[in-house]
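Single-structure report; data block below.
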Amino acid sequence: SNPNSLAARDVASLIHPYTNLEKHKEAGPTIIAQGDGVYVHDDSGKRYLEGMAGLWSTSLGFSEKRLVEAAVRQMEKLPTYHIFNGRSTEPSIELAEALLKIAPKSLSKVLFANSGSEANDQAAKLVWFYNNALGRPEKKRIIGRHRGYHGITVFSGSLTGLAHNHVDWDLPMGPVLRTDCPSHYLYGEPGETEAQFTDRLVKNLEDLILREGPETIGAFIAEPVNGAGGVIVPPKDYFPRIQAVLRKYEILMIADEVICGFGRTGQMFGCDTFGIEPDIMTVAKALSSAYLPISATLISAPIAEAITAHAGKLGNFAHGFTYAGHPVSSAVALETLKIYEERDIIGHVAEVSAHFQAKLRSFLDHPLVGEARGVGLIGALQLVTDKASRTVLPAAAGIGALIQNAAMEKGLIVRASPDAVYFCPPLIITRAQVDELFAVVAEVLDIGLAEAQR
Ligand code: PLP
Numbered sequence: 003s004n005p006n007s008l009a010a011r012d013v014a015s016l017i018h019p020y021t022n023l024e025k026h027k028e029a030g031p032t033i034i035a036q037g038d039g040v041y042v043h044d045d046s047g048k049r050y051l052e053g054m055a056g057l058w059s060t061s062l063g064f065s066e067k068r069l070v071e072a073a074v075r076q077m078e079k080l081p082t083y084h085i086f087n088g089r090s091t092e093p094s095i096e097l098a099e100a101l102l103k104i105a106p107k108s109l110s111k112v113l114f115a116n117s118g119s120e121a122n123d124q125a126a127k128l129v130w131f132y133n134n135a136l137g138r139p140e141k142k143r144i145i146g147r148h149r150g151y152h153g154i155t156v157f158s159g160s161l162t163g164l165a166h167n168h169v170d171w172d173l174p175m176g177p178v179l180r181t182d183c184p185s186h187y188l189y190g191e192p193g194e195t196e197a198q199f200t201d202r203l204v205k206n207l208e209d210l211i212l213r214e215g216p217e218t219i220g221a222f223i224a225e226p227v228n229g230a231g232g233v234i235v236p237p238k239d240y241f242p243r244i245q246a247v248l249r250k251y252e253i254l255m256i257a258d259e260v261i262c263g264f265g266r267t268g269q270m271f272g273c274d275t276f277g278i279e280p281d282i283m284t285v286a287k288a289l290s291s292a293y294l295p296i297s298a299t300l301i302s303a304p305i306a307e308a309i310t311a312h313a314g315k316l317g318n319f320a321h322g323f324t325y326a327g328h329p330v331s332s333a334v335a336l337e338t339l340k341i342y343e344e345r346d347i348i349g350h351v352a353e354v355s356a357h358f359q360a361k362l363r364s365f366l367d368h369p370l371v372g373e374a375r376g377v378g379l380i381g382a383l384q385l386v387t388d389k390a391s392r393t394v395l396p397a398a399a400g401i402g403a404l405i406q407n408a409a410m411e412k413g414l415i416v417r418a419s420p421d422a423v424y425f426c427p428p429l430i431i432t433r434a435q436v437d438e439l440f441a442v443v444a445e446v447l448d449i450g451l452a453e454a455q456r
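Quick note: to get UniProt numbering, add 2 to the position in the sequence shown (first position is 1).
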């Protein structure tokens, strides 16, 4: 192969996230060169339907001119500034107001950051600062869940409940506790109903809190629908019941809306869909349709008041990022929120998602598919070797990767783990494009089945 090709230069110069770096040396990357609505093109001109909206993020597709124009306008006016040291900028203020207008009503103030990981780190630090403010410095531990994904910085990576993000990274580090993943399909005991499963998880959480001491636990963090950990949709009354336990012990609810936020689940936030009243909420990704890096941590009035008073006493709120509330990122995010409203993106998702979810569930007839799960425009097919015993495909079979690569060959980008295939298309996807997506899925599942039966 040509040593001057972009792929060869990539291999020579880059270390890639979430990549088998040894295999990457031979295979090299696909170079994505251009965006076009829900599609992207590689550098040979081949077109792919982006069934993952990039990294669960590009809600408005890959060629939204209004976002480009918003960035250019702000670049020309004030290309960079900060909100430190008694200064602020109009885009940051307007974006904070716009966020608070659509956020769950329990939230009253905004802190910006640049990524989902930072927003979650920031959430944790606020829990700590808040409990110091209240004079209970021991109430610091944060409960995460198995299969939760909250990022990869040292502390957000510790909140993440996935082994591969911990092994050989010296994580988890810091005050973290862990509780159950709410997948009835994967973790329900034989014969256990969904209601009994929820009862058990709620009891396990309360037992954990009592065992560890409620006075040592400051918060609980959860994605309304787990993304990277498997697109896990919780039982209907799971969150209200979990939240009742948390309230009883004055443990804050942090909703990680980094994937679910801004319409993904069919309502503005996953909190709206699942009955969560967060004390803290984190958003990123679709906040700017991922066109520029920006994230936010939203907090309730009691937290905002306590930290303001405490910072007053200390003489300083010694926390913040150089690029927090960056004016160009903020302007693009603000335009993104305007587009959601003007084009009634939530209404569109509510409509197209009925078709998307029905199509997804039609694969339950396929011999490889044990569960088809999802809500709104996010979903997964659980791949099994045996439907009755719910035995998931073993990692060693390599079927997930095979399916992902076969889809890519046929012009569809999806994500697969060893035992599941995930879908999270741009929110602007049409009914016809949903059909196009699942037509390829039907073909590649058969390729996976043939390999599994070999
Ligand atoms: N939280 C959730 C739910 C995510 O899905 C992600 C990223 O995929 C993160 C946090 C971390 O965000 P980032 O990669 O921007 O740091």
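Heads up, the beta-carbon is just placed ideally off N, CA and C, and yes, glycines get one too.
Item: Same chain only: Cβ atoms within 6 angstroms of A125, ignoring 5 sequence neighbours per side; Value: I256, I282, T284, T299
Item: When H357, Y132, L109, S90 are compared against K315, the one with the closest alpha-carbon; Value: Y132
Item: Local conformation of D258 per DSSP, three classes; Value: strand
Item: Residues sharing a beta bridge with L101, DSSP; Value: In the DSSP output, where bridge partners are listed per residue, L101 has none listed.
Item: Separation of K412 from R243, as counted between CA atoms; Value: 44 angstroms
Item: Span of the beta strand (DSSP E) around Y41; Value: 41-44
Item: Option nearest E78 by Cα separation, candidates A333, L51, G277, S355; Value: A333
Item: Distance, G215 Cα to I435 Cα; Value: The sequence shown places Gln at residue 435, rather than the Ile named in the question. About 51 angstroms.
Item: Cβ neighbour criterion (16 or more within 10 Å) applied to R89; Value: exposed
Item: Identity of the residue in S117, P177, Y151 nearest Q144 by Cα; Value: Note that residue 144 is Ile in the sequence shown, not Gln. Measuring from the Cα of I144, the nearest candidate turns out to be P177.
Item: Inter-stretch contact at 8 angstroms, needing at least 3 Cβ pairs: the stretch 305-314 / the stretch 224-241; Value: no
Item: beta-carbon E24 near the ligand PLP non-hydrogen atom, thresh 7 angstroms; Value: no
Item: Cut-off 7 angstroms between Cβ atoms - residues of its own chain near F199, not counting five sequence neighbours on either side; Value: H186, G190, P237
Item: Proximity to N87 [Cα-Cα], best of G317, D45, A165; Value: G317
Item: Exposure label - K361; buried when at least 16 CB within 10 Å; Value: buried
Item: Between the CA atoms of G349 and Y240 - distance to the nearest angstrom; Value: 26 angstroms
Item: Beta-carbon proximity check, H328 vs I305, cutoff 8 angstroms; Value: no
Item: Validate contact between the stretch 111-124 and the stretch 146-163 using beta carbons, cut 8 angstroms, 3 pairs; Value: yes
Item: V377 beta carbon less than 8 angstroms from that of T218; Value: no
Item: With 16 other Cβ atoms within 10 Å as the buried cut-off, status of P81; Value: exposed
Item: The beta strand (DSSP E) enclosing E52, as first and last residue numbers; Value: 49-52
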